[in-house]
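For reference, the structure discussed in these notes is given below.
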């Protein structure tokens with residue numbers, strides 16, 4: 047009996063040992079490795095490989111999905127967790143830092159997928175990087191734009207050195223997901239917003255491949271360091287990423303630089319500038335949610351293997367830093383959330399909502415190549431060619447800073463009228479708390495009067511952007527029907543709410559066309575009536591007569607248009623004002639008005 051008891055005690059360990067031996071004895075060479083990085087696997091091959099990998103390590107890896115594409119493909123998600131924390135709830139309860147890596151949002155730029163297969167393999171028990179999950183949970187989207195991934199062709203990216211075939215930037219609906227974060231038109235993006243809201247990661251990577259110039263670096267990076275980014279998160283980025291992770295990454299055999307957006311594509315010596323990002327892009331969006339975000343751009347002309355390994359090593363170096371300094375990142379994110387919620391009590395708090403590149407620069411030592419320029423008889427421009435056989439170092443200006451062009455004093459809350467439920471739905475998609483009011487309201491509120499709208503002539507991402515508009519802030523007592531929606535700013539995503547609802551924000555819902563109807567006039571004056579109106583107004587207002595005559599003298603197109611001349615008077619009449627053209631429906635509430643609105647609930 048004694049021998050049986052010992053055998054029974056050791057038998058499970060023997061089974062586990064045999065299982066691990068069999069698992070690691072199996073061939074876990076990834077498809078890209080097997081082809082010596084000449085090719086990248088299809089969606090089906092990637093999914094099958096990940097299913098087999100997850101089945102081999104159920105204690106550490108779980109393959110799931112967070113949505114379905116328009117063409118019916120699963121949006122895959124792999125969670126790697128040493129303690130089996132495979133749900134957002136378990137991950138949060140663990141106290142570990144949560145790192146989310148996104149690959150293939152532009153599915154022709156697919157290094158992140160192949161790096162994922164390699165690193166996830168090496169994170170299993172007994173793998174070369176098994177300890178990197180000691181204090182972190184890794185959430186990896188191997189292919190975000192799955193439908194674009196399957197439209198593979200050797201002709202999708204003319205600027206890129208391999209793999210042999212690659213996917214394309216657009217989705218099945220020809221949307222660029224990395225311009226869709228605010229408007230969230232794509233079904234894939236709406237699924238992503240729910241995913242991000244559920245996991246609320248502490249650090250986010252978005253993996254891309256550059257276009258542009260030739261230079262020595264195999265990877266460039268961009269951090270969101272401006273605008274609403276909380277000082278605690280910025281401090282982590284500076285201390286952990288710039289001073290620890292990047293030096294470690296370069297010790298692994300790489301050369302990195304900040305993202306190199308050329309001032310002049312023909313002449314690298316003219317310098318580089320901040321490309322501006324903004325919340326339509328992944329990292330700009332994540333920064334509005336108080337999280338550290340890293341844009342990774344491997345260099346298009348480096349061999350595909352070098353680009354994959356650079357991606358692998360950067361994520362591995364990040365997990366190693368978190369293992370050495372656990373909890374720092376999460377603490378920074380928690381502090382950012384708490385301070386954002388508490389800021390609602392500061393009636394003078396402001397937020398920058400639009401930016402431009404600053405005029406001041408600092409020197410940047412750029413490790414590039416010698417280049418030549420020649421006049422092109424084809425384009426009529428200068429043709430630049432680089433010689434990678436001749437490395438050359440340049441000191442160039444770096445216009446790295448962004449300067450706020452618009453800032454707003456934050457209200458205590460926004461109120462969306464009941465007549466705009468689609469706006470409330472859009473806010474909920476972004477994880478914002480929206481409170482429905484079940485009674486009619488009369489409140490003193492700030493509201494915008496919009497004017498002089500000008501839209502882009504060509505569509506961009508399925509919409510005509512509102513390029514220019516004026517916004518004058520007024521205060522009045524206003525009535526609201528039952529069912530109005532409150533968006534209080536005592537929530538962690540308050541910066542996101544302001545950027546969606548402030549009309550002059552760079553990527554506001556107004557800019558993206560969600561409120562275009564407020565500019566539409568529905569009632570008009572017949573010419574015979576407008577003629578009488580104009581004569582009455584001119585007789586009563588000499589200053590109006592002077593303004594009209596000055597416009598006639600200065601604007602030939604206006605003077606030649608009978609309709610425009612009559613509209614001049616109608617637009618200044620009470621009949622036009624009564625239509626409310628340009629009245630922005632979302633209003634701003636101070637603390638007192640918010641209290642009154644909540645008491646009505």
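In this note's numbering, the protein residues as written are 47 to 647.
Just so it is clear, CB atoms sit at the ideal spot from N, CA and C, and this is done for glycine as well.
- DSSP places residue 283 within a helical segment (H, G or I) once states are collapsed to three.
- By the neighbour-count criterion, in which 16 or more other beta carbons inside 10 Å mark a residue as buried, residue 204 falls on the exposed side.
- Apart from sequence neighbours up to five positions away, the residues of its chain that approach residue 479 with a beta-carbon distance below 6 Å are 537, ordered along the chain.
- In the displayed model, residue 320 falls within coil according to three-state DSSP, outside both helix and strand.
- Rounded to whole angstroms, residue 108 and residue 208 show a C-alpha spacing of 30 Å.
- Residue 319 and residue 260 have their C-alpha atoms some 16 Å from each other.
- If you draw a straight line from the Cα of residue 74 to the Cα of residue 360, it is about 21 Å long.
- Per DSSP, residue 537 lies in no alpha helix (DSSP H) and is assigned neither H nor E.
- Boundaries of the alpha helix (DSSP H) harbouring residue 475: 467-475, taken from the DSSP string.
- By a beta-carbon distance limit of 8 Å, residue 630 contacts residue 496. Their separation comes to about 5 Å.
- DSSP places residue 330 within a helical segment (H, G or I) once states are collapsed to three.
- Residue 401 and residue 317 do not touch by the CB rule: their CB atoms are close to 19 Å apart, not below 8 Å.
- For residue 234, no beta strand (DSSP E) encloses it; the enclosing alpha helix (DSSP H) starts and ends at 233-245.
- Residue 396 has 455 as its beta-bridge partners, per DSSP.
- Note on residue 304: 16 or more other CB atoms within 10 angstroms of its CB, so buried under the neighbour-count rule.
- Ranked by Cα distance from residue 576, the options 549, 434, 600, 616 are led by 616.
- Across the structure, residue 366 and residue 138 are spaced so that their CA atoms are roughly 20 Å apart.
- At the C-beta level, residue 526 and residue 556 stay beyond 8 Å of one another.
- A Cβ-Cβ distance of about 5 Å is found for the pair residue 123 and residue 110, placing them in contact under the 8 Å criterion.
- One Cα belongs to residue 230, the other to residue 553, and the distance between them is close to 12 Å.
- Listed in chain order, the non-local C-beta contacts of residue 112 below 6 Å within the same chain comprise 121, 123, 237, 241, local neighbours out to five positions each way being set aside.
- Going by DSSP, residue 591 is part of the alpha helix (DSSP H) stretching over 588-600.
- With fewer than 16 neighbouring CB atoms inside 10 Å of its own CB, residue 312 falls in the exposed class.
- Annotated as proximal: residue 414 and residue 314, with beta-carbon spacing under 8 Å.
- According to the DSSP assignment, residue 493 belongs to the beta strand (DSSP E) that extends over 487-501.
- For residue 526, the uninterrupted beta strand (DSSP E) segment begins and ends at 512-526.
- In the structure shown, residue 434 falls within a strand segment according to DSSP collapsed to helix, strand and coil.
- Pairing residue 87 with residue 151, the inter-Cα distance amounts to about 16 Å.
- The count of Cβ pairs closer than 8 Å, one atom from the region 97-108 and one from the region 209-226, stays below three, leaving the stretches out of contact.
- Take residue 142, set aside five residues on each side of it, and the residues of its chain with a beta-carbon closer than 6 Å to its own are 181, 182, 183, in chain order.
- Per DSSP, the beta-bridge partners of residue 444 are 318, 408.
- In the DSSP annotation of this structure, the continuous segment of the alpha helix (DSSP H) that includes residue 95 starts and ends at 89-102.
- Less than 8 Å divides the Cβ of residue 517 from the Cβ of residue 549.
- Residue 414 sits in a strand when the DSSP states are folded into three classes.
- DSSP lists 420 as the bridge partner or partners of residue 429.
- Shortest Cα-Cα distance from residue 232 to any of 191, 613, 266 involves 191.
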